[in-house]
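Protein chains in written order, with our numbering: chain B, 660 to 791; chain Y, 660 to 791.
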DNA sequence: TTTGTATGTTATTTTTTCTAACATCGTATT
DNA sequence: AATACGATGTTAGAAAAAATAACATACAAA
């Protein structure tokens, strides 16, 4: 079994993903609603997440911290997908300029807002008060 | 975070373990009852299984297929544990205080694991083939 | 001010998991 | 043959987790 396959395997319930990403269920479902992730479903309709999903969610969190909105994040993800396609085939990415325009705008917004508060140290998360 | 810890991280609900191992819940709980595995518990008392647990269960299934009973399997597992202890005690001679320091650190790691907090990037190395 | 986006909150229902008890089936023992 | 034991099936009832949906809210943008 390849590593890629294992990483794409839907194994985790939403409660675990919440802990791994420090996102609320509401947030995770909202991002799914906006097609940023597409977790599998169990036979009983439970969302089952892969490690790839968790990675995506962690990146969503970072991009949101940077002030980028849903549409921007979607674009980033789509771009990456297209880029992968280009690598394997010879197709050109189509909406490059449109993408750059959006990203430029978002980055400006982010800079204006000067969100220096986030990007907390990694260790801080590792030593939280117990029992929350 | 070491690979061993990643493999020991309790992530999976019993339903997923059932699929991965093709064992029934009854069987899995029975093997736990006989101390062949010791899955973690969520705050709400749900069993949460690690990849190590899944590996153990797969091996239990094989040994059962070979006609070995609970006691035999337990012996096999205990022997392996002892063998590992011998290996590491042969390799390093450490003082009591060093040992306590190591244990203290491991307890911290275990707490981190319980919170299941991960940084982005950790996951990219989470799933690895057993032999690597 | 009004709007829109991201998220919180709450209610209700369904699914999952738990423990515990009793049933069954095959194998070994008497 | 009858019995006992080990491994697993089955069922009931309770508790936890997770789903959808609706309404609320905070805050930035227009």
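Glycine included, C-beta positions come from ideal geometry on N, C-alpha and C.
**OP:** For residue 667 of chain Y, name the three-state secondary structure that DSSP assigns.
**Re:** Here residue 667 of chain Y is taken as the residue at index 8 of the second chain, counted from 1. The answer is coil: DSSP assigns residue 667 of chain Y none of H, G, I, E or B.
Subject >> Partners in chain B for residue 612 of chain Y, counting only beta-carbon separations shorter than 9 angstroms >> reply: Since the first residue of chain Y shown is 660 and the last is 791, residue 612 of chain Y is not available in this structure.
Subject >> Cβ shell of residue 674 of chain Y (< 7 angstroms), same chain only, five flanking positions each side left out >> reply: Position 15 of the second chain, counted from the first residue, corresponds to residue 674 of chain Y. Nothing listed; no residue qualifies.
Subject >> Any non-hydrogen atom of the ligand SAM closer than 6 angstroms to residue 730 of chain Y Cβ >> reply: The ligand content of the structure shown is nil, which means the ligand SAM is not present either.
Original post:
What residues from chain Y crowd round residue 671 of chain B, counting only those whose CB sits closer than 9 angstroms?
Top reply: The residue given as residue 671 of chain B occupies position 12 in the first chain. The answer, in chain order, is 670, 671, 672 and 675.
**OP:** Since I believe residue 722 of chain Y is in contact with residue 735 of chain Y (beta carbons under 8 angstroms), could you give me their beta-carbon distance rounded to a whole number of angstroms?
**Re:** As a first step, residue 735 of chain Y must be located in the second chain, where it is residue number 76. As a first step, residue 722 of chain Y must be located in the second chain, where it is residue number 63. At roughly 7 angstroms, the Cβ-Cβ gap stays under 8 angstroms, so residue 735 of chain Y and residue 722 of chain Y are in contact.
**OP:** From the DSSP output, in three-state form, read off residue 706 of chain Y for me.
**Re:** What you label residue 706 of chain Y is simply residue 47 of the second chain in a count that begins at 1. Residue 706 of chain Y: strand per DSSP, three-state reduction.
Original post:
By Cβ distance below 6 angstroms, which residues in the same chain neighbour residue 709 of chain B in space, the five residues on each side in sequence not counted?
Top reply: Position 50 of the first chain holds residue 709 of chain B. Answer for residue 709 of chain B: 667, 668 and 669, listed in chain order.
Subject >> Cα-Cα separation, residue 707 of chain B to residue 688 of chain B >> reply: Mapped onto the first chain, residue 707 of chain B falls at position 48. Mapped onto the first chain, residue 688 of chain B falls at position 29. One C-alpha to the other measures close to 12 angstroms.
Subject >> Identity of the residue in B:738, B:731 and B:741 nearest residue 693 of chain B by Cα >> reply: For the purposes of this step, residue 693 of chain B is taken as the residue at position 34 of the first chain. Checking every option, the nearest Cα to that of residue 693 of chain B belongs to B:731.
Subject >> Option nearest residue 740 of chain B by Cα separation, candidates B:700, B:677, B:726 and B:695 >> reply: By one-based count along the first chain, residue 740 of chain B stands at place 81. Minimum Cα distance to residue 740 of chain B is reached at B:695.
Original post:
Going straight from the alpha carbon of residue 678 of chain B to that of residue 671 of chain B, what length do you get?
Top reply: As a position in the first chain, residue 678 of chain B is number 19, starting the count at 1. As a position in the first chain, residue 671 of chain B is number 12, starting the count at 1. Going from the Cα of residue 678 of chain B to the Cα of residue 671 of chain B covers about 11 angstroms.
Subject >> Euclidean distance between Cα positions of residue 701 of chain Y and residue 676 of chain Y >> reply: Along the second chain, one-based indexing puts residue 701 of chain Y at 42. Along the second chain, one-based indexing puts residue 676 of chain Y at 17. Taking the straight line from one Cα to the other gives about 15 angstroms.
Original post:
With a Cβ-Cβ cutoff of 7 angstroms, do residue 727 of chain Y and residue 690 of chain Y count as a contact?
Top reply: Start at 1 with the first residue of the second chain, and residue 727 of chain Y comes out as number 68. Start at 1 with the first residue of the second chain, and residue 690 of chain Y comes out as number 31. No, the pair does not count as a contact, with Cβ atoms beyond the cut-off.
Original post:
Buried or exposed: residue 665 of chain Y, going by 16 or more other Cβ atoms within 10 Å of its Cβ?
Top reply: Numbered from its first residue, the second chain carries residue 665 of chain Y at position 6. With 16 or more Cβ atoms within 10 Å of its Cβ, residue 665 of chain Y is classed as buried.
**OP:** Please go through the same chain and pick out, in chain order, the residues whose beta-carbon is closer than 7 angstroms to the beta-carbon of residue 685 of chain B, but skip the five residues on each side of it.
**Re:** By 1-based counting over the first chain, the position of residue 685 of chain B is 26. Within the same chain, residue 685 of chain B has no close Cβ partners at all.
Original post:
Are the Cβ atoms of residue 698 of chain Y and residue 712 of chain Y separated by less than 7 angstroms?
Top reply: Counting from one through the second chain, the residue named residue 698 of chain Y turns up at place 39. Counting from one through the second chain, the residue named residue 712 of chain Y turns up at place 53. Contact flag set, yes.
**OP:** Following the continuous alpha helix (DSSP H) through residue 727 of chain B, name the residue where it begins and the one where it ends.
**Re:** Reading the first chain from its first residue, position 68 is the one you call residue 727 of chain B. Per DSSP, residue 727 of chain B belongs to no alpha helix (DSSP H) and is neither H nor E.
**OP:** Could you tell me the distance, in whole angstroms, from the CA atom of residue 761 of chain B to the CA atom of residue 681 of chain B?
**Re:** Here the question's residue 761 of chain B lines up with position 102 in the first chain. Here the question's residue 681 of chain B lines up with position 22 in the first chain. Since pLDDT at residue 761 of chain B reaches only 48, below the 50 mark, its modelled position is unreliable, and the value read off the structure follows with that caveat. Cα to Cα, residue 761 of chain B sits roughly 28 angstroms from residue 681 of chain B.
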